[in-house]
Amino acid sequence: RILAEGVAPDGFQVADERESLLWGFVNMLDAQVRRLDRAADRLVPELRDLTRSQDGSEVRSRELELVTDRSKSLTARRDAFEALRDAAAEAYREATGSTWRPRRGSHVSETGKLTSAAVDARDYQRARKDRKAAAHLPQGTLVAVTGGRDVKDPGTVIASLDKARAKHADMVLVHGGGPGVERIAARWAERNGVHQVVCKPDWDRHGRAAPFRRNDELLNLLPKGVIAFPGSGITENLVDKARQLGIPVARCAA
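Numbering (my numbering), first residue to last: 1374 to 1627.
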């Protein structure tokens, strides 16, 4: 809030940069969380080896105690920065109306319950193979939404999502993280505490084919159904592939 009101006040040209400035501030805190996470992870093999090598001597015991203290300190610092990041991300949402997400990867919290965790699809698929990681990821009925940039009546998108949630109380929203329909859906999820799995195109890896590969990635999650609003050929590609897989598609006007 201080950053939004002090660094990018209304009435000045810098206000046009408010969203990017706020995003960068949250990203700075997120980068620190990830750095401390990696530092703590690097101590795991050393802790394991020291635990196995305990022989009852005071020297070995002291070595284990010191490394354990370092690990606890790193974890405590990491948790503190995560709490700051989550508070800043909430301020970003209030100031911009959009959910903060990192450029790559997921926005999940170990120390606090996010109103709507935004999980990258690649992380979600990897976690399905890892029971320990899966415990920290959204559990529930996956419902996908797709559509174009142009939305005449956002209320129709919200009404369709409300209807889906009434049918599936444990609904997890799956979408491509794009503008228009998908942005409205993401904001709906944030307001209603519905977790999200975001399937963004990997432009660096797939180039112009990225949106179509993203469609494959999204459908590989096997959502319970797809809510489809009017869009481009990319939207129609997802609809066609969903039907080929036997996934129900609900057509809606926007």
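C-beta: ideal position from N, C-alpha, C; glycine also.
Please state whether DSSP places VAL1524 in a helix, a strand or coil. The three-state reading of DSSP puts VAL1524 in coil, since its state is none of H, G, I, E or B.
Using 8 Å as the Cβ pair cut-off and three pairs as the minimum, do the region 1536-1548 and the region 1438-1447 touch? no
Measure the C-alpha to C-alpha separation of ALA1558 and SER1471 and round it to an integer number of angstroms. 11 Å
Helix or strand or just coil, what does DSSP make of LEU1650? The chain is shown only over 1374 to 1627; residue 1650 falls outside these bounds and no answer can be derived.
Neighbourhood of PRO1596 by C-beta, 7 Å cutoff - its chain only, sequence neighbours within 5 removed: LEU1515, VAL1516, ALA1517, VAL1547 and ILE1620
The beta strand (DSSP E) spanning ALA1449 covers which residue range? Segment 1431-1469 is the alpha helix (DSSP H) holding ALA1449; no beta strand (DSSP E) there.
Distance check for PRO1475 and PHE1602, CA to CA, integer angstroms please. 26 Å
VAL1545 and PRO1511 look like a contact to me (Cβ under 8 Å); what is the Cβ gap, rounded to whole Å? With a Cβ gap of about 5 Å, VAL1545 and PRO1511 count as contacting.
CB contact flag (ASP1422, ARG1451, <7 Å): no
Can you check DSSP and say which residues form a bridge with LEU1515? VAL1545
Hey, how far is the Cα of LEU1447 from the Cα of PHE1585? 41 Å
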